[in-house]
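The structure under discussion appears below in the form of structure tokens.
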Amino acid sequence: MDTSKKVSLGPAHPIAFDFEGAKKIDAVIGNLSGVVVDGAVAWTISDEGRTFERHERTATGFKLSKQYDLVDFFPDLPGGKEADLESLAVSGKRLWLCGSHCRVRVEPDASGAMSSDVRARRSRHLLGSIGLDATRLPVRRSAVALPFSGAGSLRSKLRPDPFLSIFLELPSKENGLDIEGLAVLPKRILLGLRGPVVDSHAIVLSLPRDKKLPTASGEPYRHLLDLGGLGVRDLAYGAEGVLVLAGPVTRADGPFRICRWHPSRSRQPETAELLHEWPLDRDHPEGICPFKLDGTPGLLIVYDGAEGRRSGTTVTGDWFALPGA
């Protein structure tokens with residue numbers, strides 16, 4: 001990570017999200033994992049449950065206009081308590097969604113003993129997109145996704161990779177495969193991995209795409225990114241390049257950082273420019289996206305856990321002005 005030319009973001013400005021009317025509101029507000037702003041509309045996801053939310057702009061932030069069930073758009077989504085959605089993006093007339101694709105360790109039994117049982121959760125294997133109409137409402141019959149398992153699935157595409165194959169069976173937060181970032185570029189999508197971190201380098205995967213999905217042909221390209229031993233917790237793409245939210249692979253309280261990265265095809269480990277770092281033992285940022293506030297370019301951040309940020313049905317994120325804005 002390049003800290004030699006560290007720049008500073010502007011002071012935090014609160015942005016409110018009012019979730020009044022949301023089902024299972026406590027789980028949604030307390031587990032926000034991604035955000036994207038599309039004009040006067042914002043979309044949010046949480047890593048609990050099986051929904052995504054559409055919000056409309058207000059004077060102080062955004063207010064929920066509609067909560068959508070994933071199964072109404074992806075009827076073949078495997079059953080399970082949660083889809084573990086971790087990132088989302090808007091490109092043109094499509095809303096893209098990505099689950100963690102991770103395996104999980106079974107919870108400890110009544111005695112508290114750790115289980116050795118690690119299980120697949122195919123409900124977490126969503127990578128797809130939904131068409132948006134002229135009013136930025138999702139169109140149900142327009143949704144498409146990669147297969148959730150077997151040939152053509154994302155995990156099957158990653159299995160031949162010598163850097164990733166040995167980690168595919170490990171659980172998340174234990175350096176197993178755990179996708180937490182998604183950025184949609186003009187011809188490719190980027191998937192940022194919380195884990196594995198390999199030789200202190202984070203991994204970002206680049207896949208060729210068409211308008212709706214990664215293409216069937218073409219192998220994923222693997223970027224190794226120096227984030228100071230941290231993994232990727234979210235990605236966003238904008239005029240400033242690719243923005244990386246970096247954080248620990250494990251459940252540690254930090255550090256969390258925002259970096260700016262310009263991808264290359266050098267095959268060598270790449271560096272990113274440090275923009276911001278949170279103090280330890282404070283917030284756990286989970287989602288990042290470009291957002292112009294009153295015409296000023298900046299970044300919108302949402303956080304995991306509502307402690308200190310929730311008031312009734314409203315939870316607060318932060319907006320930071322970008323350097324030079």
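Count the sequence shown with full-length UniProt numbering and you get residues 1 to 325, in order.
C-beta atoms are modelled at their ideal positions from N, C-alpha and C, and glycine is treated no differently.
For residue i, count neighbouring Cβ atoms within 10 angstroms of its own Cβ and tell me buried if that reaches 16, exposed if not.
{"i": "T44", "result": "buried"}
{"i": "K157", "result": "buried"}
{"i": "V104", "result": "buried"}
{"i": "L280", "result": "exposed"}
{"i": "D47", "result": "buried"}
{"i": "I166", "result": "exposed"}
{"i": "E180", "result": "buried"}
{"i": "E307", "result": "exposed"}
{"i": "E56", "result": "exposed"}
{"i": "D283", "result": "buried"}
{"i": "D318", "result": "buried"}
State the DSSP-derived secondary structure class of residue i, mapped to helix, strand or coil.
{"i": "A321", "result": "strand"}
{"i": "K187", "result": "coil"}
{"i": "S200", "result": "coil"}
{"i": "residue 326", "result": "The structure shown does not extend to residue 326, since the chain is modelled only from 1 to 325, so the question has no answer here."}
{"i": "K63", "result": "strand"}
{"i": "S87", "result": "strand"}
{"i": "R159", "result": "coil"}
{"i": "S311", "result": "strand"}
{"i": "F19", "result": "coil"}
{"i": "V71", "result": "helix"}
{"i": "L154", "result": "helix"}
{"i": "S149", "result": "coil"}
{"i": "R282", "result": "coil"}
{"i": "R121", "result": "coil"}
{"i": "D76", "result": "coil"}
{"i": "S206", "result": "strand"}
{"i": "D178", "result": "strand"}
{"i": "R136", "result": "coil"}
{"i": "R251", "result": "coil"}
{"i": "R141", "result": "helix"}
Leaving out five residues before and five after residue i in sequence, what residues of the same chain have Cβ atoms less than 7 Å from its Cβ?
{"i": "L95", "result": "W43, L88, S129, I130, L132 and P138"}
{"i": "H201", "result": "L224, L225, D226 and P269"}
{"i": "R124", "result": "A83, D84, G99, S100, H101 and C102"}
{"i": "V197", "result": "N175, G229, G231 and V249"}
{"i": "R260", "result": "E240, G241, L243, A272, E273 and L275"}
{"i": "K93", "result": "G131 and L132"}
{"i": "residue 337", "result": "Any question about residue 337 goes unanswered here, given that the chain covers just 1 to 325."}
{"i": "S153", "result": "H125, L146 and P147"}
Out of curiosity, what's the CA-to-CA distance linking residue i and residue j?
{"i": "S149", "j": "D76", "result": "11 Å"}
{"i": "D253", "j": "V315", "result": "20 Å"}
{"i": "A321", "j": "L70", "result": "33 Å"}
{"i": "V232", "j": "L245", "result": "6 Å"}
{"i": "R122", "j": "A145", "result": "13 Å"}
{"i": "K292", "j": "D109", "result": "48 Å"}
{"i": "R140", "j": "V41", "result": "18 Å"}
{"i": "V90", "j": "F19", "result": "21 Å"}
{"i": "E107", "j": "M114", "result": "7 Å"}
{"i": "E219", "j": "P147", "result": "16 Å"}
{"i": "P323", "j": "V184", "result": "23 Å"}
{"i": "D294", "j": "P78", "result": "42 Å"}
{"i": "S33", "j": "T296", "result": "24 Å"}
{"i": "I288", "j": "V37", "result": "10 Å"}
{"i": "R310", "j": "H262", "result": "35 Å"}
In this structure, what does DSSP give as the bridge partners for residue i?
{"i": "Q268", "result": "DSSP, once it has assigned bridges, lists no residue as partnering Q268."}
{"i": "G238", "result": "G241"}
{"i": "A42", "result": "V37 and H55"}
{"i": "N31", "result": "D304"}
{"i": "P290", "result": "L299"}
{"i": "C98", "result": "S87 and L127"}
{"i": "T316", "result": "A16"}
{"i": "A246", "result": "V232 and R257"}
{"i": "D226", "result": "H201 and T271"}
{"i": "L193", "result": "I179"}
{"i": "R105", "result": "V118"}
{"i": "P171", "result": "R103"}
{"i": "H276", "result": "I258"}
{"i": "P220", "result": "Beta-bridge pairing links P220 to no other residue."}
{"i": "P214", "result": "R209"}
Which residues in the same chain have their Cβ closer than 8 Å to the Cβ of residue i, if we skip the five residues on either side of it in sequence?
{"i": "Y68", "result": "T51, F52, E53, R54 and P138"}
{"i": "A143", "result": "F73, F74, G128, S129, I130 and G131"}
{"i": "T215", "result": "L207, P208 and R209"}
{"i": "R155", "result": "H101, H125, S149, L168 and L177"}
{"i": "residue 336", "result": "What is shown of the chain runs 1 to 325, which leaves residue 336 out entirely."}
{"i": "I25", "result": "F19 and T313"}
{"i": "K187", "result": "P208 and R209"}
Give me, in chain order, the residues of the same chain whose beta-carbon lies closer than 6 Å to that of residue i; leave out the 5 immediate sequence neighbours on both sides.
{"i": "P171", "result": "R103, V104, R105 and V118"}
{"i": "K81", "result": "none"}
{"i": "W278", "result": "F256"}
{"i": "Y221", "result": "S206"}
{"i": "G10", "result": "F320 and A321"}
9 Å is my cut-off, CB to CB: does residue i come that close to chain B?
{"i": "R194", "result": "Absent here is chain B; the protein component of the structure consists of one chain."}
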